[in-house]
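According to the working numbering, the stretch in the sequence shown is residues 75 to 441, in order.
Cβ coordinates follow ideal geometry from the N, Cα and C atoms, glycine included.
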Amino acid sequence: MFGILLWSILMARNGNKLASGILFAVLLNFKHIYMYLAPAYFVYLLRAFCLTPGGQIEIKNFLALANAVIGVFIASLGPFAVMGQIPQLLSRLFPFTRGLNHAYWAANFWALVTAIDRVLLKYIQLTGSSIPVDAAGVASSSRGLVGDTVFAVLPQVKPIHTFLITIVFQCAILIKLWINPSTKSFLTALTLCGWTSFLFGWHVHEKAVLLILVPLSLLAAERHAYFRTYIIASVAGIFGLFPLIFTPAESIVKVVYSGIWLAAVYGLLSRRVYEYPKSPIYVLLDLCEKAYLAGFAPLLALVTVLALRNERTSSGGDKQASANMEFLPLMATSVYCSIGLVWAYLRLGFIYLFEESTYQGQLNGIQ
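This is the structure we're talking about:
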């Protein structure tokens, strides 16, 4: 399905925006998670295809796109509508009863919030503080099980809260895309829209990080700022998927393969797009980012040791001690990876909104 996404982006780059929209409609009906990217497609196609640079509607283009997209949805959802299964379909597509966090804690903003809640709870338990604690939250949030997430100390988060936060952040991106709907601007906005939904969405799966990394990879060779953002996001995103590949034989493969990939990509792209730091603050940021990336080595060692300890404890009969520590490797992975993904998101957002007015192209230069 990522092939269809890349095909759609290629069509937009080649100027065939109608084909780009049709391909995305097909993709969206294959997998609803691509709805994360839909706002960017909607704004881009409306502004760059359905309207003239002066803001006048292109009736022919609008009708062609609307009819094509509606036709795709009728072909896909028509049989379900005839059988009266649309409500059942919607209930499965939007599982609001499954809780804020996925079982493995996707490395997003809510992983950080949940970890902070756990730290505050532990502090209250150790110090005997009078801060009120939700009893339901004491046994929640850190077991790696599917279910509702209840905070012990922090205010509870509802689906409407995640929706509003996502919309607010996406609006800033989409306004910039509306003003400058070039292909390069669209690709960056597309990445940021998917990223916003990943960071702030409800019950996000860790695999959804690929919706960020695939389009972001197309920007990595443009300039050094995009390259650094891509490296940070890729390392954090890929490492965050490691818990899904957990057998000993697979563990060796995933580490070796990822190491070879990183060495190849970093070595080739860094020479192509390297820029000398412009000021001391850029030097400091560069050092901090390198220190963060280097931290994945001790994190891998820590997670491996904890996993071996839990396995040995469980096989030795002390299942209670094993259960108490079972989720710690997952939590450590999610929290550390989420720090990198949140930082890389802010990094790309700043570049897009404040540094790239010339690079992204003006309205009269739509490509």
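In this structure, Ala180 lies away from His298, with their beta-carbon atoms at least 8 Å apart. At least 8 Å separates the beta-carbon of Leu248 from that of Val143.
For Leu79 against Val288, the beta-carbon gap comes to about 7 Å, under 8 Å, which counts as contact. Rounded to whole angstroms, the Cβ separation of Leu293 and Phe272 is 17 Å, and the two are not in contact under 8 Å. Where Thr240 is concerned, the enclosing alpha helix (DSSP H) starts and stops at 233 to 253. About 6 Å separates the beta carbon of Cys267 from that of Leu111, a gap short enough to meet the 8 Å contact definition. As the crow flies, the alpha-carbon of Asn103 is around 9 Å from that of Met109. Between the alpha carbons of Tyr300 and Leu422 lies a gap of roughly 7 Å. Around the CB of Pro255, 16 or more other CB atoms lie within 10 Å, so the residue is classed as buried.
When secondary structure is reduced to three states using DSSP, Asn141 falls in the helix class. Among the bridge pairs identified by DSSP, Val278 is matched with Asn175. Here Asn88 is exposed. Its C-beta has fewer than 16 other C-beta atoms within 10 Å. Between Ile234 and Ile96, the alpha-carbon positions lie close to 30 Å from each other.
Beta-bridge pairing by DSSP links Leu273 to no other residue. When rounded, the separation of the alpha-carbon atoms in Leu264 and Leu380 is 38 Å. Fully contained in the stretch 339 to 372 are the following alpha helix (DSSP H) runs of length 4 or more, in chain order: 354 to 368. Lys281 has its alpha-carbon roughly 26 Å from the corresponding atom of Met85. Around the beta-carbon of Val242, fewer than 16 other beta-carbon atoms lie within 10 Å, marking it exposed. Rounded to the nearest angstrom, the gap between the Cα atoms of Val357 and Glu349 is 11 Å. In this structure, the alpha-carbon of Leu151 lies about 48 Å from that of Arg345. Phe98 and Pro113 have their C-alpha atoms roughly 12 Å apart. In this structure, the straight-line span from the alpha carbon of Gln199 to that of Gly158 is close to 52 Å.
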